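The sequence shown begins at 5 in our numbering and counts up one residue at a time. Built from N, CA and C at the ideal position, the CB exists for glycine as well. Just so we're clear, the structure is a prediction, and the values are computed from it rather than from any experiment.
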Amino acid sequence: MNARERFLAVAKFQKPDMVPVSGGPRKATLERWYNEGLPKNVDISTYFKFEPGGGITSYPSEGFEYSWNQISSNGVNIGPFPPFEYKILEKTDRYWVWIDSLGIKQRGFKEDWENGWSGFATRQFLEFPVKDRSSFLEIKKRYELRIPDRYPKNWSEMVKEWGRRDYPLCVSIRGPFWWTRDMMGLSGMLLTMYRDPGLISEIMEFCAEFQTAVLEKALNDVDADWAILNEDMAYKKGPMISPRAVREFMFRPYREICDFFKEDGVDIVVIDSDGNPEPLIPIWLEAGVNGVSPCEIAAGMEPVKLREKYPRLILMGGIDKRELAKDKEAIEHEVLSKVPYLINTGGYFPGVDHGVPPDISLANFKYFLNFTRKLCGWPEEYMIP
Numbered sequence: 005m006n007a008r009e010r011f012l013a014v015a016k017f018q019k020p021d022m023v024p025v026s027g028g029p030r031k032a033t034l035e036r037w038y039n040e041g042l043p044k045n046v047d048i049s050t051y052f053k054f055e056p057g058g059g060i061t062s063y064p065s066e067g068f069e070y071s072w073n074q075i076s077s078n079g080v081n082i083g084p085f086p087p088f089e090y091k092i093l094e095k096t097d098r099y100w101v102w103i104d105s106l107g108i109k110q111r112g113f114k115e116d117w118e119n120g121w122s123g124f125a126t127r128q129f130l131e132f133p134v135k136d137r138s139s140f141l142e143i144k145k146r147y148e149l150r151i152p153d154r155y156p157k158n159w160s161e162m163v164k165e166w167g168r169r170d171y172p173l174c175v176s177i178r179g180p181f182w183w184t185r186d187m188m189g190l191s192g193m194l195l196t197m198y199r200d201p202g203l204i205s206e207i208m209e210f211c212a213e214f215q216t217a218v219l220e221k222a223l224n225d226v227d228a229d230w231a232i233l234n235e236d237m238a239y240k241k242g243p244m245i246s247p248r249a250v251r252e253f254m255f256r257p258y259r260e261i262c263d264f265f266k267e268d269g270v271d272i273v274v275i276d277s278d279g280n281p282e283p284l285i286p287i288w289l290e291a292g293v294n295g296v297s298p299c300e301i302a303a304g305m306e307p308v309k310l311r312e313k314y315p316r317l318i319l320m321g322g323i324d325k326r327e328l329a330k331d332k333e334a335i336e337h338e339v340l341s342k343v344p345y346l347i348n349t350g351g352y353f354p355g356v357d358h359g360v361p362p363d364i365s366l367a368n369f370k371y372f373l374n375f376t377r378k379l380c381g382w383p384e385e386y387m388i389p
């Protein structure tokens, strides 16, 4: 099997020759690993022998770690066009203040910038571009279709290349929660749900309408394999909003997005959300979603329990990053408690339950990959020395 066939076999609960294993280091983690012997002039995915992957879309993002190469640096632009002008507004001895390409004003620690901003660093969000209906109508001007401008100049060459590919190709978009939070901020969005629910519905439905309209040409031209909706709508104890609110405001956009993908042959639709979004899974399934990622263990998203409750739900991640920072015995126990059972049931992609943090040594990460790959059927040449 090639990487594409392997990915699809796992996602469709079939039996692949080998099950892929994933995990993406943060920038701070790479800095530690360079000091521990990781070559600086080698591509990370090549060095760790990750399965190849490709992404159709590109949009402003910070801190996306390696995971199936979901985001393309030269893909279909589904962000604001033109983007907001990136500006640094203030520098002090402790922090910097800036406006990013989405129009969000924020403050971050000076040392995070000096060490290379990764998007994972803590920062304070100060102001968002949408505050009411008039400001939403203003920002919509940056989301006009303008299809020729949103597609790369070499699109036809990219289509030909993807037609010859042997790896899975992903369509990565923002879900309605993430989309609206980027525009209004979490507190602004939640308050507006109460004060002007019609505006929230309009913004979330526009999320679905705009992204599917931009991507219609792409999915007519390209046979994509899967889609991921980036949401990040939960914390340790549960979702940031109630299932009732999700059904009221987001069910229709979710259904529109899922129907769009499935009508174009993209049957694998995964939602990525940190924290514990488990109470929302029944709604997602009803809307057409059939996978979740990254199954964060600290928040209680135990993949074995999820498999028992949802037998046909695709699961990605679920390996506790905290255990990988310990010793070999802890790593083995963590992997053995989940991977053999889950790969036998199918529909499971073993991986770290979010970005690999810098408290995990290079030696431990290699041990995790090698130990897990052996369980997943990979031959010796795929082990990392």
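6 Å Cβ shell around residue i - same chain, five flanking residues per side excluded
{"i": "Ala32", "result": "Pro362"}
{"i": "Ile272", "result": "Ala15 and Trp230"}
{"i": "Phe372", "result": "Leu328 and Ile335"}
{"i": "Gly351", "result": "Phe17 and Ile318"}
{"i": "Lys370", "result": "Ile388"}
{"i": "Arg8", "result": "Asp170, Tyr171 and Pro172"}
{"i": "Asn368", "result": "Leu328"}
{"i": "Ala13", "result": "Pro20"}
{"i": "Pro180", "result": "Met208, Cys211, Met254 and Pro257"}
Through-space distance from residue j to residue i, alpha-carbon basis
{"i": "Ile287", "j": "Phe255", "result": "7 Å"}
{"i": "Tyr70", "j": "His358", "result": "Annotation note: pLDDT 35 at Tyr70 (below 50); position unreliable, no value reported."}
{"i": "Ser341", "j": "Met305", "result": "14 Å"}
{"i": "Lys95", "j": "Lys114", "result": "8 Å"}
{"i": "Arg137", "j": "Glu336", "result": "53 Å"}
{"i": "Asp331", "j": "Asp21", "result": "29 Å"}
{"i": "Pro172", "j": "Gln110", "result": "35 Å"}
{"i": "Trp72", "j": "Glu118", "result": "Its pLDDT being 39, under 50, Trp72 is placed unreliably by the model, and nothing is read from it."}
{"i": "Asn78", "j": "Cys262", "result": "24 Å"}
{"i": "Gln128", "j": "Arg178", "result": "21 Å"}
{"i": "Phe265", "j": "Phe214", "result": "14 Å"}
{"i": "Gly189", "j": "Ile103", "result": "14 Å"}
{"i": "Asp276", "j": "Glu235", "result": "6 Å"}
{"i": "Asp97", "j": "Glu89", "result": "24 Å"}
{"i": "Val293", "j": "Lys91", "result": "37 Å"}
{"i": "Ile285", "j": "Arg251", "result": "11 Å"}
{"i": "Arg185", "j": "Leu203", "result": "13 Å"}
{"i": "Asp268", "j": "Thr216", "result": "11 Å"}
{"i": "Phe11", "j": "Val23", "result": "8 Å"}
{"i": "Pro307", "j": "Val360", "result": "18 Å"}
{"i": "Phe353", "j": "Lys145", "result": "39 Å"}
{"i": "Val46", "j": "Ile364", "result": "20 Å"}
{"i": "Gly101", "j": "Thr349", "result": "Position check: residue 101 holds Val in this sequence, whereas Gly was assumed. So the alpha carbons of these two residues sit roughly 48 Å apart."}
{"i": "Tyr99", "j": "Pro383", "result": "48 Å"}
{"i": "Pro29", "j": "Gly322", "result": "16 Å"}
{"i": "Ala291", "j": "Leu42", "result": "43 Å"}
Sub-8 Å separation of residue i and residue j beta-carbons
{"i": "Lys309", "j": "Asn280", "result": "no"}
{"i": "Gly27", "j": "Gly381", "result": "no"}
{"i": "Thr61", "j": "Val175", "result": "yes"}
{"i": "Arg377", "j": "Val80", "result": "no"}
{"i": "Ser191", "j": "Phe253", "result": "no"}
{"i": "Val218", "j": "Arg259", "result": "no"}
{"i": "Ala212", "j": "Pro257", "result": "yes"}
{"i": "Ile207", "j": "Phe140", "result": "yes"}
{"i": "Gly107", "j": "Ala125", "result": "no"}
{"i": "Leu328", "j": "Glu40", "result": "no"}
{"i": "Ala249", "j": "Met197", "result": "yes"}
{"i": "Ala302", "j": "Val270", "result": "no"}
{"i": "Asp324", "j": "Glu338", "result": "yes"}
{"i": "Leu346", "j": "Arg311", "result": "yes"}
{"i": "Tyr51", "j": "Lys44", "result": "no"}
{"i": "Tyr147", "j": "Pro84", "result": "yes"}
Sequence-distant residues of the same chain with beta carbon closer than 8 Å to residue i, five excluded per side
{"i": "Gln74", "result": "Note that Gln74 has pLDDT 48, beneath the 50 cutoff, so the model's placement of it is unreliable and the number below is only indicative. Cβ within range, chain order: Gly57, Gly59, Phe68, Cys174, Ser176 and Ile232."}
{"i": "Pro152", "result": "none"}
{"i": "Glu385", "result": "none"}
{"i": "Val134", "result": "Phe140, Ile143, Met187, Met188, Gly192 and Ile207"}
{"i": "Pro86", "result": "Arg146"}
{"i": "Arg36", "result": "Pro362, Ser365 and Leu366"}
Own chain residues within Cβ distance below 7 Å of residue i, not counting five before or after
{"i": "Asn374", "result": "Met387 and Ile388"}
{"i": "Lys313", "result": "none"}
{"i": "Asn6", "result": "Asp170"}
{"i": "Glu209", "result": "Arg256 and Pro257"}
{"i": "Trp182", "result": "Asn234, Glu235 and Asp236"}
- Query: Can we say the region 238-248 touches the region 161-170, given the rule of at least three CB pairs closer than 8 Å?
  - Reply: no
- Message: I want to know whether the region 310-319 touches the region 292-299 - three or more CB-CB distances under 8 Å.
- Response: yes
- Query: What beta strand (DSSP E) runs, 3 residues minimum, are completely inside the region 283-322?
  - Reply: Entirely contained in the region 283-322, the beta strand (DSSP E) runs reaching 3 residues are, in chain order, 295-297.
- What are the complete alpha helix (DSSP H) segments, minimum 4 residues, inside the region 18-103? 31-39 and 48-51
- Item | Continuous alpha helix (DSSP H) assignments of at least 4 residues falling wholly in the region 213-277 | 247-253 and 255-267
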